[in-house]
Amino acid sequence: MRVVLDTNILISACIKPGGNEARMIELVQAGVLVACLSGALLEEYREVAARKKFETRRECLIGAIDAIRANAVVVDPLERCDACTDPDDNLLLECALAAKAAFVVTGNLADFPSEWRGVRVVNARAMLTA
Numbered sequence: 001m002r003v004v005l006d007t008n009i010l011i012s013a014c015i016k017p018g019g020n021e022a023r024m025i026e027l028v029q030a031g032v033l034v035a036c037l038s039g040a041l042l043e044e045y046r047e048v049a050a051r052k053k054f055e056t057r058r059e060c061l062i063g064a065i066d067a068i069r070a071n072a073v074v075v076d077p078l079e080r081c082d083a084c085t086d087p088d089d090n091l092l093l094e095c096a097l098a099a100k101a102a103f104v105v106t107g108n109l110a111d112f113p114s115e116w117r118g119v120r121v122v123n124a125r126a127m128l129t130a
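Just so we're aligned: 67 in the working numbering is position 67 of the sequence shown, and the numbers increase by one with no gaps anywhere.
Structural data, given as structure tokens:
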């Protein structure tokens, strides 16, 4: 199953190693889930990992990014969208559409529609029970 993971999933996975978000990274590493990436999303991952406030979590974040990249489907979205209340989040839906992903997994459901053009937007807990 193809998924797009929001950057906040990586952050939460590093803050709470035994939590649902960490389980998402583990499922990607195990090949149970296929992570989908675009250049813009990978750049966001890297930019956030480099922020000073995540300095103590940087090694974990880089490890999560590497785990996702290792088996990711990489796409170049051609369609743009404006479905999110935070315009920066649209890149996740654009990536999901281009990759034919079933889900966007985020810890910030408030900025997303619950479904967009066949892509469901869920948190990690809901994804684990889907």
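Even for Gly, the Cβ is constructed at its ideal location relative to N, Cα and C. No experiment lies behind these values; they were computed from the predicted model shown.
If we ignore side chains and look at the alpha-carbon of each, how far apart do residue i and residue j end up?
i	j	result
E47	E55	12 Å
R58	Q29	19 Å
L91	I9	15 Å
By alpha-carbon positions, which one of the options ends up nearest to residue i?
i	options	result
A35	G107, R69, A22	R69
L42	T7, C60, K16	T7
V32	A40, M1, C95	M1
A102	V121, L91, N108, L109	V121
Per the DSSP calculation, residue i is bridged to which residue(s)?
i	result
R2	V34
Use the C-beta contact count for residue i: other C-beta atoms within 10 angstroms, 16 or more gives buried, fewer gives exposed.
i	result
R80	exposed
L78	exposed
T129	exposed
D88	exposed
| request: Mind listing, in chain order, the continuous alpha helix (DSSP H) runs of no fewer than 4 residues lying wholly within the stretch 42-123? | output: Entirely contained in the stretch 42-123, the alpha helix (DSSP H) runs reaching 4 residues are, in chain order, 58-70, 90-99.
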